[in-house]
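**Student:**
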Amino acid sequence: MTDATRRAVLAAAPALMAQAPAPQAADWSALARDEAHWARVAALFDAPPPGMIQLENGQFGAMARSTRTAYEQATARVNRETTLYTRGPVGRDMAAVRTRVAALLGVETDEIVFTRGATESLQALIGGYNRLRPGDAVLYADLDYDAMQAAMEWLKVRRGVDVVRIDLPEPATRQNVVDAYEAALKANPKVRMMLLTHLSHRTGLIPPVAEIAAMAKARGVDVILDGGHALGQAEFQMGELGVPFAGLNLHKWIGSPLGVGLIYIRRGRTADIDPSMSERADDPRIEARIHTGTINYAAVLATMQAIDTHEAIGLAAKAHRLRYLRDLWAEAVRGVPGVEILTPDDPTMHAGLTSFRLAGRTSGPDNTAIRKTLMERFKIFTIERFGVARGACVRVTPGFVNTADDMRALVGALRTLADA
1 MTDATRRAVL AAAPALMAQA PAPQAADWSA LARDEAHWAR VAALFDAPPP GMIQLENGQF
61 GAMARSTRTA YEQATARVNR ETTLYTRGPV GRDMAAVRTR VAALLGVETD EIVFTRGATE
121 SLQALIGGYN RLRPGDAVLY ADLDYDAMQA AMEWLKVRRG VDVVRIDLPE PATRQNVVDA
181 YEAALKANPK VRMMLLTHLS HRTGLIPPVA EIAAMAKARG VDVILDGGHA LGQAEFQMGE
241 LGVPFAGLNL HKWIGSPLGV GLIYIRRGRT ADIDPSMSER ADDPRIEARI HTGTINYAAV
301 LATMQAIDTH EAIGLAAKAH RLRYLRDLWA EAVRGVPGVE ILTPDDPTMH AGLTSFRLAG
361 RTSGPDNTAI RKTLMERFKI FTIERFGVAR GACVRVTPGF VNTADDMRAL VGALRTLADA
């Protein structure tokens with residue numbers, strides 16, 4: 001695509017998307033490969049700096065321009081009307097957003113409450129989980145998020161429980177991941193609660209969540225699900241997963257402004273999470289499980305527009321596009337000597353995010369150096385990740401501004417590095 005053509009597409013994209021939203025495709029694979037369609041989608045967002053291939057879209061997701069406009073308008077209203085708005089009509093408006101988000105997840109409105117992100121959500125759930133007694137145990141894995149691992153270790157001091165850590169198998173399969181959790185639960189019958197990550201920020205691995213949650217439930221173990229990277233990138237409904245508690249982000253793949261997350265507590269389980277220390281100890285509402293003080297009202301309000309854009313593109317279309325972009329690079333280099341791909345080719349066990357490792361280069365400094373080389377030599381931006389039991393890695397996370405050519409450029413870079 002020439003620069004002139006691209007500028008024309010960018011200028012026309014909002015109207016084109018309005019006239020021809022994502023089709024209800026019978027062949028999602030064909031839609032995922034339709035670069036003209038995804039150029040229209042990309043044009044809803046600001047482009048990365050010229051000459052740069054942005055493949056680190058995992059920390060947070062850029063707002064579409066329409067969401068940014070809604071955010072700016074909401075900010076202006078809050079600033080203009082101040083407490084005339086925040087002590088009055090904002091409650092109604094926030095409730096409407098909450099209802100919309102509940103519908104997105106397929107849950108009831110009283111099963112969710114807003115937070116400032118999945119980390120805050122999971123801290124409240126892990127720290128507030130009140131069914132533990134001294135001598136009980138909790139379980140987490142090497143691929144879980146750093147802050148959540150720390151929160152689970154915190155329970156040892158604050159709750160007097162034992163903490164069990166496992167390393168998930170590599171290479172992973174559905175069966176060996178399930179087997180790893182089953183073996184850990186059998187070997188540690190005092191486990192009463194476990195952390196499970198829906199989509200690992202380290203490698204991109206998606207474990208069989210529903211199967212593991214059912215196995216845990218049969219053993220009397222509650223699952224707290226870290227869904228921070230999964231919402232909007234993977235296809236699921238909360239009710240299908242069978243977990244009683246979850247923390248999620250709206251500012252990653254849904255595209256809300258930064259600082260919007262969720263706590264999910266299945267109806268009937270709220271009493272198992274203590275209210276925040278800033279709330280009454282006997283308050284039964286889910287809202288009492290988190291107390292953030294004065295929040296960024298505009299960020300939550302603009303989430304309504306973010307969901308509009310998300311649904312116009314379509315969750316299934318997003319999921320297939322991200323897997324397609326991932327497969328273009330990951331499967332192209334999987335057999336290259338010296339390159340290790342850290343998620344399986346099973347499409348149920350990955351989304352767009354996937355990490356790689358160069359053989360023998362397992363230290364943090366090794367992978368920081370690889371990330372810097374990709375940036376300085378090839379103008380490809382990625383990020384290194386530490387904490388995987390088998391060694392550090394480099395994470396690649398394509399987004400909706402990326403093209404098939406971007407992924408082919410990464411393949412060329414990795415082949416060059418593997419040959420060095």
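Numbered by the numbering used here, the letters in the sequence shown go through residues 1 to 420 in order. Cβ coordinates follow ideal geometry from the N, Cα and C atoms, glycine included. Predicted model, so just to flag it, every value in this text is computed and none were measured.
For chain B, check one thing: does any of its Cβ atoms lie closer than 8 Å to the Cβ of Ile206?
**Tutor:** You won't find chain B in this structure, because it holds only one protein chain.
**Student:** Since Val113 and Tyr297 are thought to touch, with beta carbons under 8 Å apart, how far apart are those beta carbons, to the nearest angstrom?
**Tutor:** That belief does not hold up - the Cβ atoms of Val113 and Tyr297 are roughly 15 Å apart, past 8 Å.
**Student:** Please identify the residue among Arg98, Phe45 and Glu35 whose C-alpha is closest to the C-alpha of Gly260.
**Tutor:** Correcting the residue identity first, residue 260 is Val in this sequence and not Gly. Looking at the Cα atoms, Arg98 is the closest of the given residues.
**Student:** With C-beta atoms as the reference, is Ile212 less than 8 Å away from Met193?
**Tutor:** no
**Student:** Would Gln175 be called buried (16 or more neighbouring beta carbons within 10 Å of its own) or exposed?
**Tutor:** exposed
**Student:** How close, in whole Å, do the beta carbons of Leu143 and Leu205 come, if the pair is a contact with beta carbons under 8 Å?
**Tutor:** 6 Å
**Student:** So, at 7 Å on beta carbons, what are the nonlocal neighbours of Glu340 in its own chain, with the 5 sequence-adjacent residues on each side left out?
**Tutor:** Phe356, Arg357 and Ala359
**Student:** Helix, strand or coil: which one does DSSP assign to Phe114?
**Tutor:** strand
**Student:** Do Val388 and Trp329 count as a contact pair if the criterion is CB distance below 8 Å?
**Tutor:** For the pair Trp329 and Val388, the CB atoms are not nearer than the 8 Å cut-off.
**Student:** Pair every Cβ in the segment 239 to 250 with every Cβ in the segment 113 to 129, then say whether three or more of these pairs are closer than 8 Å.
**Tutor:** yes
**Student:** Over the uninterrupted alpha helix (DSSP H) stretch that includes Thr294, give me the two end residues.
**Tutor:** Segment: none, Thr294 is in no alpha helix (DSSP H) and carries neither H nor E.
**Student:** Looking at Ser256: is its Cβ nearer than 8 Å to the Cβ of Thr67?
**Tutor:** yes
**Student:** DSSP three-state call for Ala102: helix, strand or coil?
**Tutor:** helix
**Student:** Three or more beta-carbon pairs under 8 Å between the segment 392 to 406 and the segment 58 to 74, yes or no?
**Tutor:** yes
**Student:** Between which two residues does the alpha helix (DSSP H) containing Glu72 stretch?
**Tutor:** Glu72 -> alpha helix (DSSP H) spans Arg65 to Glu81.
**Student:** Between the segment 279 to 294 and the segment 369 to 377, are three or more C-beta pairs nearer than 8 Å?
**Tutor:** no
**Student:** Distance check for Asp226 and Arg285, CA to CA, integer angstroms please.
**Tutor:** 22 Å
**Student:** Looking at the strands, I want to know which residues DSSP matches up with Ser29.
**Tutor:** DSSP output for Ser29 lists no bridge partner at all.
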